[in-house]
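Residue numbers (the working numbering): 674 to 1079.
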């Protein structure tokens, strides 16, 4: 038996009811996501990130396949977040130019002609690190400015990486959600443009565009699975902070596959379980406090209003996970079974691998496995959303055994 707290979970009993009216997911349909992917393909830095096949891990855990999408290779920035920020900024500039984004390239948007038409624009965001670095990179590439605020306790290494992308960046004395509000206040004061991956009343366009940008990742994954002869996975485990990324993955799968979509499980840290608590309550719930989880990229207390509706209506289950779950995932990916590839996955990236390993191995999760339909026929997709974005923290966990699970 585990000596520490267990993974908590709640199921959505209405999710497969076709008579239940569900949130509109047209904005993350295959057609819309293709526009984002086409835009990203216009970057000279673009390449498809790897989809690893973990055959030996699958065998030892008693499932047919485990596939892992590795975002540590994305644009040299070690995380997927740049997909959302770059597409949102591209959409914003395109709309200012009154041109559909499908008709412009990244190179055109950073041209002297566009800069002369639009002048100087400052983009501002709040971030734990990865999103802010992506926004800073995109703004810098397009000849614009960026200001990035980070919540208290943020990694100084991540702060320095953001500054290296040309941003004016600093760590506040506020938690993540308070830092989001602060960045919005500064935008109103200075006339800046907020690029935030969460939505609130009156601020929905840019978060929608960010979610569409994230869609490039899942579109790639489906194409890569097809190359393996897999029409679709049976199960997808996707991590959530505010839920924007999870909502994109869930909405895309629901739009593409309808009632035949994979079983989708949303996973979060138990110190910031805003989607899990919302699912328990049946309505959007805000978690407060400092949320001191090692999964800094998921340490968010206020669900994105747009993505929450998608996750509420289409996801099958919601997990709240102790930090040791992610730490275990980091270690098993870093020290793979012979024949499987080594994967460098950070704290927010490895939670899916940790969850799968624990619920398939531990007897206390037998009922959970059965309810999810996890067995020898299961074809599982997980996503490592980041690499070692804080190398010291990564070594503390992988080398020195911080946050052990036994």
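Glycine included, each C-beta is placed from N, C-alpha and C at the ideal position.
Please read all numbers here as calculations on a predicted model, not as lab measurements.
To the nearest angstrom, report how far apart residue i and residue j are at their CA atoms.
| i | j | result |
| --- | --- | --- |
| residue 928 | residue 702 | 6 Å |
| residue 1073 | residue 1030 | 20 Å |
| residue 861 | residue 707 | 33 Å |
| residue 776 | residue 731 | 43 Å |
| residue 713 | residue 810 | 14 Å |
| residue 815 | residue 921 | 25 Å |
| residue 868 | residue 969 | 19 Å |
| residue 995 | residue 1020 | 12 Å |
| residue 893 | residue 925 | 12 Å |
| residue 983 | residue 698 | 7 Å |
| residue 939 | residue 789 | 44 Å |
| residue 1034 | residue 1012 | 20 Å |
Give the C-beta separation of residue i and residue j to the nearest angstrom, bearing in mind that I take them to be a contact with Cβ-Cβ under 8 Å.
| i | j | result |
| --- | --- | --- |
| residue 614 | residue 952 | There is no way to answer for residue 614, as the model of the chain reaches only from 674 to 1079. |
| residue 865 | residue 795 | 4 Å |
| residue 907 | residue 756 | With a Cβ gap of about 25 Å, residue 907 and residue 756 do not count as contacting. |
| residue 805 | residue 842 | 7 Å |
| residue 1049 | residue 737 | 6 Å |
| residue 751 | residue 1060 | 4 Å |
State the DSSP-derived secondary structure class of residue i, mapped to helix, strand or coil.
| i | result |
| --- | --- |
| residue 712 | helix |
| residue 873 | strand |
| residue 677 | coil |
| residue 842 | strand |
| residue 794 | coil |
| residue 683 | strand |
| residue 818 | strand |
| residue 853 | helix |
| residue 864 | coil |
Please go through the same chain and pick out, in chain order, the residues whose beta-carbon is closer than 7 Å to the beta-carbon of residue i, but skip the five residues on each side of it.
| i | result |
| --- | --- |
| residue 1023 | 999, 1002, 1003, 1006, 1057 |
| residue 1040 | none |
Excluding sequence positions up to five away, which residues of its chain have a Cβ less than 6 Å from the Cβ of residue i?
| i | result |
| --- | --- |
| residue 830 | 1063 |
| residue 675 | Since pLDDT at residue 675 reaches only 44, below the 50 mark, its modelled position is unreliable, and the value read off the structure follows with that caveat. Around residue 675: no qualifying Cβ. |
| residue 1009 | 1015 |
Taking 8 Å as the limit between beta carbons, can you name the residues of its chain near residue i, skipping five residues before and five after?
| i | result |
| --- | --- |
| residue 1065 | 830 |
Q.
Restricting to runs no shorter than 3 residues, where is the beta strand (DSSP E) found entirely within the stretch 1020-1075?
A. Fully enclosed beta strand (DSSP E) runs of no fewer than 3 residues occupy 1052-1057 of the stretch 1020-1075, in order along the chain.
Q.
Threshold first: 3 residues or longer. Then list the beta strand (DSSP E) segments lying entirely within the stretch 939-1013, N to C.
A. Correct list: 990-994.
**Q.** Runs of beta strand (DSSP E) wholly within the stretch 722-809 (minimum 3 residues, chain order)
**A.** If we require 3 residues or more, the beta strand (DSSP E) runs fully inside the stretch 722-809 come out as 724-726, 738-743, 795-799.
**Q.** alpha helix (DSSP H) segments (min. 4 residues) lying fully within the stretch 882-940
**A.** Taking only runs of at least 4 residues, the alpha helix (DSSP H) segments lying wholly in the stretch 882-940 are 917-930.
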